[in-house]
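Here the protein sequences come in this chain order: A and B. Be aware that the first sequence starts at 1, since it is given in the UniProt record's numbering, and climbs by one per residue. Be aware that the second sequence starts at 1, since it is given in the UniProt record's numbering, and climbs by one per residue. Note that beta-carbon positions come from the ideal geometry of N, C-alpha and C, so glycine has one too. Below is one structure; the comments refer to it alone.
Protein chains: 2
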Amino acid sequence: MSCHEDNLSSRTYSRQIVFRVAYTTYDGEVTSSSPEVRHRGAAGTSVEADLGWALGVVFKRYAKQAAAALDDVPGGPRGYQVLATTIAEGPKRQLDLAAQLGIDRTVMTYLLDDLEKAGLVQRHPDPADRRARLIDPTELGRKTLCDLEARLAEAESDVLGNLDEGERLVFRTLLQRVALRANSVDPLHNACDVAEDEELL
Amino acid sequence: MSCHEDNLSSRTYSRQIVFRVAYTTYDGEVTSSSPEVRHRGAAGTSVEADLGWALGVVFKRYAKQAAAALDDVPGGPRGYQVLATTIAEGPKRQLDLAAQLGIDRTVMTYLLDDLEKAGLVQRHPDPADRRARLIDPTELGRKTLCDLEARLAEAESDVLGNLDEGERLVFRTLLQRVALRANSVDPLHNACDVAEDEELL
DNA sequence: TATTGTTATACTCTATAACTATA
DNA sequence: TATAGTTATAGAGTATAACAATA
């Protein structure tokens with residue numbers, strides 16, 4: 001573990017072991033190793049610790065909380081997303097919705113089947129194109145979304161539990177900036193309204 | 001989207017749409033909706049924006065970068081973890097390693113097969129228990145790890161690309177604190193040396 | 001009888017491709 | 001011919017369970 005002492009121009013690195021950890025991309029599980037920073041000497045600010053590990057743990061915890069919060073929603077997180085998007089942006093065609101959410105169109109079919117069965121959305125024929133179907137939230141869907149959003153807000157707050165108000169603000173701001181850049185460098189889905197990015201930087 | 005105006009005692013919420021997004025837990029892909037904050041009025045600090053979305057985007061980007069960096073390592077991120085752990089902590093028994101890394105023991109078998117085939121680690125019989133096998137990194141494994149760590153450091157730095165030095169420090173500190181709490185509330189694997197947490201709080 | 005590690009099997013979720021009905 | 005949506009199939013990756021060797 002001493003191999004980095006030269007190429008990192010190590011101020012603090014030489015005093016501790018920075019133990020990087022990576023993550024599987026296929027299962028969403030954070031299969032990280034143990035907590036990363038082992039202080040060898042007296043020095044070393046601990047924030048040099050592994051970003052990936054922390055990122056993974058936090059993300060995983062949020063994902064778990066969110067999944068629990070959305071337990072009874074057909075399709076789980078994805079069902080929520082469909083609900084949230086159609087309610088926020090109005091009726092959408094199935095394929096557009098799929099593209100926007102990064103969901104495969106074949107998956108979208110099953111997802112909508114379940115959501116429709118649960119009475120949260122409805123498929124309406126698109127008057128402009130008889131091939132297409134417009135996805136419309138129902139009244140129940142709207143009510144459900146409200147509830148879900150409250151639950152998710154709780155999950156968020158729970159994850160940030162040991163930060164005080166000011167720290168949360170700072171953290172969210174910095175995270176948001178990093179995220180916006182990441183998203184613009186390598187966009188997930190649609191570009192939508194990234195135009196507003198500037199005000200976040 | 002007006003349903004939260006009362007129960008959130010909304011200062012800023014009433015002025016914008018906070019559009020929460022959740023994530024699938026099974027594929028590690030961030031199937032989020034579009035960027036979240038749409039300013040309706042003039043006010044609203046943008047940091048109120050969706051935590052989950054940002055978290056997911058950043059994590060996903062890091063995971064992608066890390067996966068690319070570990071492209072040629074058998075087992076990818078997991079292979080790296082095995083390497084890093086055995087090198088940092090010395091030879092370990094297969095099952096202990098699996099438990100520590102949160103990898104299923106059946107998966108560990110295949111993973112070690114591949115790592116051994118690549119000449120990065122070796123299985124030695126445990127003199128203390130003839131059932132068990134000790135996983136030992138090879139010289140090649142050690143060299144490889146050095147290289148991989150440099151690559152991962154680059155990935156990290158890339159992800160935090162638009163933060164300056166000071167901001168990175170703040171971000172990492174806060175993230176680390178959130179992560180340590182998340183990990184202690186709901187530990188992934190072993191408890192190891194969480195004793196050192198205090199200095200991070 | 002319990003445990004280490006291996007192998008075989010089943011299951012989940014995803015990705016590919018073929019099909020229908022419209023355009 | 002191309003596109004919206006559906007269905008069927010195959011694939012990757014994981015988890016479960018049964019197994020051999022040892023404790």
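Excluding sequence positions up to five before and after A:K92, its CB lies within less than 8 Å of the CB of T85, T86, Q100, L134 and I135, all in the same chain and listed in chain order. The alpha helix (DSSP H) runs of length 4 or more contained entirely in the UniProt domain "HTH marR-type" (48-180) of chain B are, from start to end of the chain, 51-69, 77-89, 94-101, 105-117 and 139-159. Setting aside the 5 residues that flank it on each side, B:G141 is surrounded in the same chain by L83, L120 and V121, each with a C-beta closer than 6 Å to its C-beta; the list follows chain order. By the 16-neighbour rule on beta-carbons within 10 angstroms, A:E156 is buried.
At a cut-off of 8 Å between C-beta atoms, A:L175 counts as an interface residue with respect to chain B. Rounded to the nearest whole angstrom, the CA to CA distance from B:D158 to A:R131 is 44 Å.
In this structure, A:D113 is the residue among A:V57, A:D113 and A:L95 with its C-alpha nearest to the C-alpha of A:G79. Its chain contains no residue whose beta carbon lies nearer than 8 Å to that of B:D96 once the 5 sequence neighbours on both sides are disregarded. Here A:K143 is exposed. Its C-beta has fewer than 16 other C-beta atoms within 10 Å.
Within chain B, no C-beta atom comes nearer than 8 Å to that of A:V121; the closest sits roughly 15 Å away.
Taking a Cβ-Cβ cut-off of 8 Å, A:R93 has no neighbours in chain B, whose nearest Cβ is about 16 Å from it. Within chain B, the C-beta atoms nearer than 7 Å to that of A:R181 come from G161 and N162, in chain order. Chain B places a beta carbon closer than 8 Å to that of A:G56, counting this residue as a contact. For B:M108, same chain residues with a beta-carbon under 7 Å away, outside a window of 5 residues either side, are Q94, L97 and A98 in chain order. Within the segment 57-75 of chain B, those residues whose Cβ lies closer than 8 Å to any Cβ of chain A are, in chain order, V57, V58, F59, K60, R61, Y62, A63, K64, A66, A67, A69 and L70. When only Cα atoms are considered, B:E139 and B:L145 end up about 10 Å apart.
Considering only B:E165, B:L174 and B:G161, the residue with the shortest C-alpha distance to A:E167 is B:L174. Residues of chain A whose Cβ lies closer than 8 Å to the Cβ of B:L51 are, in chain order, Y62, E156, V159, L160, R172 and L175. At a cut-off of 8 Å between beta carbons, B:E165 makes no contact with chain A. Between B:L115 and B:G76, the gap from beta carbon to beta carbon reaches 8 Å or more.
B:Y62 counts as buried, since at least 16 other C-beta atoms from the protein chains shown sit within 10 angstroms of its C-beta.
Counting C-beta atoms within 10 angstroms of its own C-beta, B:D50 has 16 or more neighbours from the protein chains shown and is therefore classed as buried.
Nearest to B:D72 by alpha-carbon distance, out of B:H124, B:P125, B:L148 and B:G90, is B:L148. The same chain holds no residue with a CB closer than 8 Å to that of A:D164 once the five nearest residues on each side in sequence are set aside. Of the candidates A:A68, A:P127 and A:V57, the residue whose Cα lies closest to the Cα of A:L160 is A:V57. Spatial neighbours of A:D104 in its own chain (CB-CB distance under 8 Å, excluding positions within 5 residues in sequence) are listed in chain order as A98.
Annotation: A:A153 to A:V178 spans about 21 Å, alpha carbon to alpha carbon. Within the same chain, and ignoring the five residues on either side of B:A68 in sequence, no residue has its Cβ closer than 6 Å to its Cβ. In terms of Cβ geometry, B:G52 and A:A150 do not form a close pair [threshold 8 Å].
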